[in-house]
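At position 6 of the sequence shown the residue is numbered 5 (numbering that gives the first Met the number 0), and the sequence of numbers has no breaks. Ideal Cβ placement from N, Cα and C applies to all residues, glycine included. Note that the coordinates shown come from a computational prediction; the quantities given were computed from them, not determined experimentally. The block underneath contains the structure these notes are about, expressed in structure tokens.
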Amino acid sequence: MKTSILQAVKTHNAANTTDRLNTKFLTQKARRLYFLARDRAKICRYDFCWSASGRIFLRKAVGSAPIVITS
């Protein structure tokens with residue numbers, strides 16, 4: 000269900016560049032933390048950095064356990 004909804008949002012946004020669906024649900028503090036986490040992920044060579052349900056995650060490699068970033 001989740002993947003079909005996300006795919007539908009991506010399809011809609013690709014077809015409607017002026018009327019896009021807003022999928023950003025991070026607070027200002029979380030956005031800043033996400034920015035810093037992405038920067039740190041590049042420096043430390045983490046393969047994945049993403050947000051889900053308002054939380055930010057890092058993962059070193061495929062199959063490794065995700066790390067929840069809290070501050």
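- DSSP, read as helix, strand or coil, puts Ala14 in helix.
- DSSP lists no bridge partner for Ser63.
- Of all C-beta pairs linking the region 49-60 to the region 22-33, three or more are shorter than 8 Å, placing the two stretches in contact.
- Close CB contacts of Tyr45 within its chain, under the 8 Å cut and outside five residues either way in sequence, are with Arg39, Leu57, Arg58, Lys59 (chain order).
- Within a 10 Å sphere around the beta-carbon of Ala7 sit fewer than 16 other beta-carbons, which makes this residue exposed.
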